[in-house]
Every structure is written in C-alpha cells, then in structure tokens.
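Residue numbering for the sequence shown follows full-length UniProt numbering, beginning at 1 and increasing consecutively.
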Amino acid sequence: YTLGFNVEYDDSKREAIFSNKENTALPKKTLRLNIDTGVMKDSQGNIYHSDTKPVIINGRIHASISNIAKAFNASCGDIRDEKDQSIEWDNSRKAVYVFKNIK
Numbered sequence: 001y002t003l004g005f006n007v008e009y010d011d012s013k014r015e016a017i018f019s020n021k022e023n024t025a026l027p028k029k030t031l032r033l034n035i036d037t038g039v040m041k042d043s044q045g046n047i048y049h050s051d052t053k054p055v056i057i058n059g060r061i062h063a064s065i066s067n068i069a070k071a072f073n074a075s076c077g078d079i080r081d082e083k084d085q086s087i088e089w090d091n092s093r094k095a096v097y098v099f100k101n102i103k
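What follows is the structure, given as structure tokens:
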C-alpha cells in the first residue's frame with residue numbers, strides 16, 4: 001500500500017497489480033507490472049517501461065516507486081527545487097519522500 005494504492009500479486013502471470021481507488025490527486029486506474037520484464041500496462045491499455053527491472057527478495061517485490069508513480073501521472077523531483085511533488089529525492093540525506101495527496 002503506497003501512494004494510497006491497493007497492491008496485489010498475480011503469481012500465475014508474475015504481475016504486481018496497483019489499483020488507485022482512494023488517492024484523489026491521481027487518476028483512478030489499475031496498473032499491472034510484469035516482474036520479469038518491467039513492462040507496465042494500465043487499464044486504458046497504455047504501456048510504460050520501467051528503467052529498472054523489479055526483483056523479488058524474500059517473497060517481497062522491489063520495484064521503482066518513481067516509475068510506478070509516473071504511470072499514474074504523479075510528479076517526481078528533487079526536494080531542493082521547492083516544488084511540491086508526489087515523490088521527492090533528498091540527495092543530502094539519501095532519502096525518498098512520498099506524498100499521497102500531491103500530483
């Protein structure tokens with residue numbers, strides 16, 4: 001559960017399924033992320049390619065939150081640019097901040 005999305009896993013297709021049902025700042029849609037290829041397809045048929053391949057470690061999926069967020073039209077940026085964005089990188093702390101209600 002991140003950015004207010006419901007997250008499920010379809011083992012037969014090896015896909016993580018992200019559904020936005022409550023984040024009012026982002027579009028209501030579903031995104032399927034193929035674990036083997038990193039290809040994402042949304043419920044409108046749009047295709048997105050992750051710049052990093054997801055991996056499963058100890059039964060948990062590790063995927064790029066910025067790639068998933070971008071597929072939902074969320075903004076990503078640097079904390080120092082003083083713009084409110086969904087995902088902010090803070091290089092000085094080597095930290096990522098995720099804000100649920102900012103597009």
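Glycine is no exception: its CB is placed at the ideal position from the N, C-alpha and C atoms. Every value quoted in this text rests on a predicted model; they were computed, and no experiment measured them.
Under the rule that 16 or more other beta-carbon atoms within 10 Å means buried, what is residue i, buried or exposed?
i	result
Ala-63	buried
Glu-15	buried
Ser-92	exposed
Residue i: which of the options sits nearest, CA to CA?
i	options	result
Ser-19	Ser-92, Phe-99, Ala-69	Ala-69
Val-55	Arg-80, Thr-37, Asp-10	Thr-37
residue 111	Glu-22, Leu-26, Ile-57, Asp-10	The structure shown has nothing for residue 111, since the chain only spans 1 to 103.
Lys-13	Ile-35, Asp-84, Lys-83	Ile-35
Thr-24	Asn-73, Gly-77, Arg-93, Glu-82	Asn-73
Can you list, in chain order, the residues of its chain whose CB lies under 7 Å from that of residue i, leaving out five sequence neighbours each side?
i	result
Asp-42	Lys-29, Thr-30, Leu-31, Ala-71
Mind checking which residues open and close the beta strand (DSSP E) that includes residue i?
i	result
Asn-34	30-34
Arg-60	60-62
Lys-53	No beta strand (DSSP E) holds Lys-53; DSSP gives it neither H nor E.
Glu-15	15-20
Sorted by chain position, which residues of the same chain lie with C-beta nearer than 6 Å to residue i's C-beta, five sequence neighbours on each side aside?
i	result
Ile-79	Glu-88, Asp-90
Distance cutoff 7 Å, beta carbons only. Does residue i sit that close to anything in chain D?
i	result
Gln-85	Going by chain labels, chain D is absent from the structure shown, which holds only one protein chain.
Need the endpoints of the alpha helix (DSSP H) that residue i sits in, please.
i	result
Asn-67	65-71
Any chance the stretch 82-95 sits against the stretch 47-62, with 3 or more Cβ pairs inside 8 Å? no
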